[in-house]
Amino acid sequence: MWLERTKWMLANIGWPIAFTFWCQVMVVLYAANGEISQLALYYFQFLWIIIVCSYFSASFTPPERCSLVDDDDKKSSLEGFCEQCNYRKPPRWHHCRRCNQCVHRMDHHCPILQLCIHSGNHKYFLLFLLWPLQMAIFTVYNGYYDFWKTIKSAYTGEILSNTEQLKGTGVSNAVMVGFAALYLLKNQLPNLLRNQTLIEESRETTTYDLGSWQENVKSVMGSWRIAWLPISMEVENESKRK
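In terms of the numbering used here, the sequence shown has 256 at position 242, counting the first letter as 1, and numbering is strictly consecutive.
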(Lines of atoms letter the chains of each structure in order from A and count residues from 1; the text may use other names and numbers.)
(Lines give C-alpha, C1' and ligand atoms only; values in the text may rest on other atoms or scores of the structure.)
Protein backbone atom coordinates (compact mmCIF):
# COMPACT_ATOMS: atom_id res chain seq x y z
CA MET A 1 0.00 0.00 0.00
CA TRP A 2 2.80 2.39 0.92
CA LEU A 3 4.49 1.67 -2.42
CA GLU A 4 1.35 2.60 -4.38
CA ARG A 5 0.97 5.76 -2.29
CA THR A 6 4.62 6.67 -2.91
CA LYS A 7 4.21 6.19 -6.67
CA TRP A 8 1.10 8.37 -6.63
CA MET A 9 2.90 11.11 -4.69
CA LEU A 10 5.91 10.99 -7.03
CA ALA A 11 3.61 11.24 -10.05
CA ASN A 12 1.80 14.24 -8.59
CA ILE A 13 5.04 15.99 -7.65
CA GLY A 14 7.20 14.99 -10.60
CA TRP A 15 4.93 16.08 -13.43
CA PRO A 16 4.34 19.64 -12.13
CA ILE A 17 8.09 20.02 -11.59
CA ALA A 18 8.79 18.84 -15.14
CA PHE A 19 6.28 21.24 -16.68
CA THR A 20 7.50 24.08 -14.47
CA PHE A 21 11.04 23.51 -15.73
CA TRP A 22 9.73 23.47 -19.30
CA CYS A 23 7.94 26.77 -18.68
CA GLN A 24 11.01 28.37 -17.12
CA VAL A 25 13.21 27.41 -20.07
CA MET A 26 10.82 28.96 -22.57
CA VAL A 27 9.86 32.05 -20.57
CA VAL A 28 13.17 32.93 -18.92
CA LEU A 29 15.70 31.82 -21.52
CA TYR A 30 13.84 32.38 -24.78
CA ALA A 31 11.42 35.21 -24.04
CA ALA A 32 13.84 37.18 -21.87
CA ASN A 33 16.39 37.17 -24.68
CA GLY A 34 13.80 38.23 -27.24
CA GLU A 35 14.09 34.96 -29.16
CA ILE A 36 10.31 34.46 -29.36
CA SER A 37 7.62 37.04 -30.02
CA GLN A 38 5.24 38.37 -27.39
CA LEU A 39 2.35 36.60 -29.11
CA ALA A 40 4.23 33.30 -29.04
CA LEU A 41 4.93 33.81 -25.35
CA TYR A 42 1.24 34.36 -24.61
CA TYR A 43 0.37 31.23 -26.59
CA PHE A 44 2.95 29.20 -24.66
CA GLN A 45 1.55 30.44 -21.34
CA PHE A 46 -1.96 29.53 -22.50
CA LEU A 47 -0.76 26.01 -23.34
CA TRP A 48 1.01 25.68 -20.01
CA ILE A 49 -2.07 26.73 -18.01
CA ILE A 50 -4.32 24.35 -19.98
CA ILE A 51 -1.90 21.46 -19.45
CA VAL A 52 -1.57 22.03 -15.71
CA CYS A 53 -5.37 22.31 -15.32
CA SER A 54 -5.88 19.14 -17.38
CA TYR A 55 -3.29 17.30 -15.31
CA PHE A 56 -4.80 18.18 -11.94
CA SER A 57 -8.34 17.56 -13.22
CA ALA A 58 -7.32 14.08 -14.40
CA SER A 59 -5.50 13.36 -11.13
CA PHE A 60 -8.14 14.56 -8.69
CA THR A 61 -11.45 13.61 -10.34
CA PRO A 62 -12.62 10.55 -8.37
CA PRO A 63 -14.38 7.63 -10.06
CA GLU A 64 -18.12 7.21 -9.69
CA ARG A 65 -19.22 4.74 -7.04
CA CYS A 66 -21.40 1.75 -7.88
CA SER A 67 -24.29 0.91 -5.54
CA LEU A 68 -24.30 -2.27 -3.46
CA VAL A 69 -26.43 -5.28 -4.36
CA ASP A 70 -28.87 -6.79 -1.90
CA ASP A 71 -28.25 -10.43 -1.00
CA ASP A 72 -31.56 -11.44 -2.61
CA ASP A 73 -30.46 -10.02 -5.95
CA LYS A 74 -27.08 -11.76 -6.18
CA LYS A 75 -28.36 -14.97 -7.76
CA SER A 76 -30.31 -13.09 -10.42
CA SER A 77 -27.37 -10.91 -11.42
CA LEU A 78 -24.33 -13.22 -11.27
CA GLU A 79 -23.14 -12.21 -14.72
CA GLY A 80 -22.75 -8.55 -13.74
CA PHE A 81 -21.78 -9.13 -10.15
CA CYS A 82 -18.33 -8.28 -8.74
CA GLU A 83 -17.42 -10.67 -5.94
CA GLN A 84 -14.50 -8.50 -4.80
CA CYS A 85 -16.64 -5.38 -4.28
CA ASN A 86 -19.97 -7.12 -3.62
CA TYR A 87 -21.49 -4.81 -6.25
CA ARG A 88 -23.85 -5.39 -9.13
CA LYS A 89 -21.96 -4.07 -12.12
CA PRO A 90 -24.05 -2.20 -14.71
CA PRO A 91 -22.74 -2.16 -18.29
CA ARG A 92 -19.27 -0.62 -18.76
CA TRP A 93 -18.18 -1.18 -15.16
CA HIS A 94 -14.91 -3.04 -14.57
CA HIS A 95 -12.99 -4.02 -11.46
CA CYS A 96 -9.52 -2.48 -11.11
CA ARG A 97 -7.22 -4.70 -9.07
CA ARG A 98 -4.80 -1.81 -8.48
CA CYS A 99 -7.48 0.52 -7.10
CA ASN A 100 -9.42 -2.38 -5.56
CA GLN A 101 -12.79 -1.05 -6.71
CA CYS A 102 -15.17 -1.15 -9.65
CA VAL A 103 -14.79 1.77 -12.03
CA HIS A 104 -17.34 3.15 -14.51
CA ARG A 105 -16.17 3.13 -18.12
CA MET A 106 -12.67 2.10 -17.08
CA ASP A 107 -10.14 2.62 -19.86
CA HIS A 108 -6.96 1.50 -18.07
CA HIS A 109 -4.96 2.02 -14.89
CA CYS A 110 -2.52 4.75 -15.88
CA PRO A 111 1.10 4.23 -14.73
CA ILE A 112 1.83 7.90 -15.47
CA LEU A 113 -0.82 9.31 -13.13
CA GLN A 114 -0.99 6.23 -10.87
CA LEU A 115 -4.78 6.02 -11.04
CA CYS A 116 -7.63 4.74 -13.19
CA ILE A 117 -8.78 6.49 -16.33
CA HIS A 118 -12.57 6.39 -16.14
CA SER A 119 -15.73 8.19 -17.22
CA GLY A 120 -15.02 11.15 -14.94
CA ASN A 121 -11.44 11.92 -15.97
CA HIS A 122 -11.06 10.38 -19.43
CA LYS A 123 -11.57 13.75 -21.10
CA TYR A 124 -8.89 15.37 -18.94
CA PHE A 125 -6.51 12.51 -19.64
CA LEU A 126 -6.96 13.00 -23.39
CA LEU A 127 -6.38 16.74 -23.01
CA PHE A 128 -3.26 15.93 -20.98
CA LEU A 129 -1.98 14.11 -24.07
CA LEU A 130 -3.22 16.46 -26.81
CA TRP A 131 -2.11 19.79 -25.35
CA PRO A 132 1.42 18.65 -24.35
CA LEU A 133 1.80 17.36 -27.91
CA GLN A 134 0.91 20.82 -29.20
CA MET A 135 3.28 22.35 -26.66
CA ALA A 136 6.06 19.99 -27.75
CA ILE A 137 5.58 20.95 -31.41
CA PHE A 138 5.62 24.63 -30.46
CA THR A 139 8.80 24.23 -28.39
CA VAL A 140 10.66 22.25 -31.04
CA TYR A 141 9.63 24.76 -33.70
CA ASN A 142 11.11 27.61 -31.66
CA GLY A 143 14.15 25.77 -30.31
CA TYR A 144 15.17 23.25 -32.97
CA TYR A 145 18.52 25.03 -33.44
CA ASP A 146 19.44 24.56 -29.76
CA PHE A 147 18.28 20.95 -29.90
CA TRP A 148 20.46 20.27 -32.93
CA LYS A 149 23.40 22.07 -31.34
CA THR A 150 23.08 19.91 -28.21
CA ILE A 151 23.09 16.70 -30.25
CA LYS A 152 26.00 17.91 -32.35
CA SER A 153 28.07 18.78 -29.26
CA ALA A 154 27.81 15.18 -28.07
CA TYR A 155 29.82 14.11 -31.15
CA THR A 156 32.10 17.10 -31.66
CA GLY A 157 32.94 17.66 -28.00
CA GLU A 158 31.98 21.34 -28.24
CA ILE A 159 31.49 22.91 -24.82
CA LEU A 160 28.15 24.66 -24.50
CA SER A 161 27.32 27.49 -22.13
CA ASN A 162 24.93 26.89 -19.24
CA THR A 163 22.20 28.74 -21.10
CA GLU A 164 22.69 26.62 -24.23
CA GLN A 165 22.63 23.44 -22.15
CA LEU A 166 19.38 24.45 -20.45
CA LYS A 167 17.79 25.33 -23.78
CA GLY A 168 18.89 22.03 -25.28
CA THR A 169 17.56 20.13 -22.27
CA GLY A 170 14.21 21.93 -22.47
CA VAL A 171 13.77 21.16 -26.16
CA SER A 172 14.94 17.56 -25.63
CA ASN A 173 12.27 17.26 -22.95
CA ALA A 174 9.71 18.51 -25.46
CA VAL A 175 10.81 15.92 -28.03
CA MET A 176 10.45 13.06 -25.52
CA VAL A 177 7.06 14.30 -24.31
CA GLY A 178 5.88 14.67 -27.91
CA PHE A 179 6.80 11.11 -28.86
CA ALA A 180 5.31 9.74 -25.62
CA ALA A 181 2.03 11.58 -26.25
CA LEU A 182 1.92 10.34 -29.85
CA TYR A 183 2.48 6.77 -28.71
CA LEU A 184 -0.43 6.93 -26.26
CA LEU A 185 -2.72 8.78 -28.67
CA LYS A 186 -2.32 6.15 -31.39
CA ASN A 187 -4.83 4.00 -29.47
CA GLN A 188 -6.73 6.68 -27.58
CA LEU A 189 -7.88 8.72 -30.59
CA PRO A 190 -9.30 5.81 -32.65
CA ASN A 191 -11.12 4.59 -29.54
CA LEU A 192 -12.49 8.08 -28.91
CA LEU A 193 -13.95 8.13 -32.42
CA ARG A 194 -15.65 4.77 -31.72
CA ASN A 195 -16.76 5.57 -28.13
CA GLN A 196 -14.67 2.65 -26.96
CA THR A 197 -12.27 2.04 -24.07
CA LEU A 198 -9.04 0.06 -24.21
CA ILE A 199 -10.74 -2.74 -22.27
CA GLU A 200 -13.65 -2.80 -24.73
CA GLU A 201 -11.22 -2.71 -27.64
CA SER A 202 -9.40 -5.78 -26.30
CA ARG A 203 -12.76 -7.58 -26.01
CA GLU A 204 -13.87 -6.30 -29.45
CA THR A 205 -16.95 -4.65 -27.94
CA THR A 206 -18.62 -2.12 -30.26
CA THR A 207 -21.99 -1.91 -28.48
CA TYR A 208 -21.61 1.73 -27.47
CA ASP A 209 -20.88 3.29 -30.86
CA LEU A 210 -23.42 6.12 -31.27
CA GLY A 211 -23.41 5.98 -35.06
CA SER A 212 -21.14 8.92 -35.91
CA TRP A 213 -17.68 9.94 -34.78
CA GLN A 214 -18.98 13.40 -33.86
CA GLU A 215 -21.47 11.99 -31.35
CA ASN A 216 -18.86 9.56 -30.02
CA VAL A 217 -16.44 12.42 -29.38
CA LYS A 218 -19.13 14.55 -27.73
CA SER A 219 -20.06 11.69 -25.39
CA VAL A 220 -16.57 11.89 -23.87
CA MET A 221 -15.40 15.45 -24.49
CA GLY A 222 -18.68 17.39 -24.34
CA SER A 223 -19.96 19.89 -26.91
CA TRP A 224 -17.48 21.42 -29.32
CA ARG A 225 -17.33 24.72 -27.43
CA ILE A 226 -15.82 23.01 -24.34
CA ALA A 227 -14.39 19.83 -25.89
CA TRP A 228 -10.77 21.00 -25.86
CA LEU A 229 -10.85 22.80 -22.50
CA PRO A 230 -10.60 21.18 -19.03
CA ILE A 231 -14.24 21.96 -18.26
CA SER A 232 -16.52 19.15 -17.12
CA MET A 233 -19.73 18.38 -18.97
CA GLU A 234 -21.58 18.78 -15.67
CA VAL A 235 -20.63 22.47 -15.60
CA GLU A 236 -21.95 22.89 -19.14
CA ASN A 237 -25.20 21.08 -18.33
CA GLU A 238 -25.67 23.22 -15.22
CA SER A 239 -25.24 26.41 -17.25
CA LYS A 240 -27.87 25.22 -19.74
CA ARG A 241 -30.38 24.65 -16.93
CA LYS A 242 -29.93 28.23 -15.77
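Every residue gets a Cβ at the ideal spot worked out from N, C-alpha and C, and that includes glycine. The structure presented is a predicted model; accordingly, all values stated were derived computationally and were not measured.
When we look at the beta-carbon of residue i and count the other beta-carbons within 10 Å, is it buried (16 or more) or exposed?
i	result
Glu218	exposed
Met4	As displayed, the chain neither begins before 15 nor continues past 256, which places residue 4 out of reach and without an answer.
Gly171	exposed
Ala168	exposed
Ile73	Going by the sequence as given, residue 73 is Ser instead of Ile. Buried: at least 16 other Cβ atoms inside 10 Å.
Ile131	buried
Lys137	buried
Taking residue i and residue j to be in contact with their CB atoms under 8 Å, please state how far apart those CB atoms are, rounded to whole angstroms.
i	j	result
His123	Cys116	Contact doesn't hold; Cβ gap of about 13 Å is too wide.
Leu199	Leu143	5 Å
Ile151	Gly192	7 Å
Arg106	Gly94	So it is not a contact: roughly 11 Å between Cβ atoms.
Arg208	Thr220	7 Å
Trp145	Leu203	The Cβ separation is near 14 Å, so there is no contact.
Less than 8 Å between C-beta atoms, sequence neighbours within five positions excluded: which residues of the same chain meet that for residue i?
i	result
Cys67	Pro244
Leu206	Leu140, Asn230, Val231, Val234 and Met235
Pro76	Gly134
Nearest to residue i by alpha carbon, out of the options?
i	options	result
His118	Ile65, Lys163, Ala241 and Cys80	Cys80
Gly134	Ile240, Ile64 and Ser71	Ser71
Asn187	Leu127, Ala54, Leu147 and Leu61	Leu147
Met190	Ala54, Thr153 and Gln52	Thr153
Gly225	Ile64, Gln210 and Trp145	Gln210
Gln128	His108, Tyr69, Leu174 and Ser216	Tyr69
Ile50	Glu214, Gly157, Pro104 and Ala195	Gly157
Tyr155	Leu174, Lys181, Tyr138 and Lys137	Lys181
Phe161	Ile173, Trp145, Ser175 and Gln179	Gln179
Pro125	Glu214, Glu215 and Ala194	Ala194
Cutting at 6 Å between CB atoms, please list the residues of its own chain near residue i, excluding the five before and the five after it.
i	result
Arg239	none
Ala241	Met235
Can you list, in chain order, the residues of its chain with a C-beta nearer than 7 Å to that of residue i? Leave out the 5 residues immediately preceding and following it.
i	result
Leu212	Asp121, His122, Asn201 and Asn205
Glu78	His118, Ser133 and Gly134
Leu196	Leu147
With a floor of 4 residues, list each alpha helix (DSSP H) that falls wholly inside the stretch 176–215, ordered by position along the chain.
-> 176–208
Which ranges would you report for the beta strand (DSSP E) in the stretch 122–146 if only whole runs of at least 3 residues count?
-> 122–124 and 129–131
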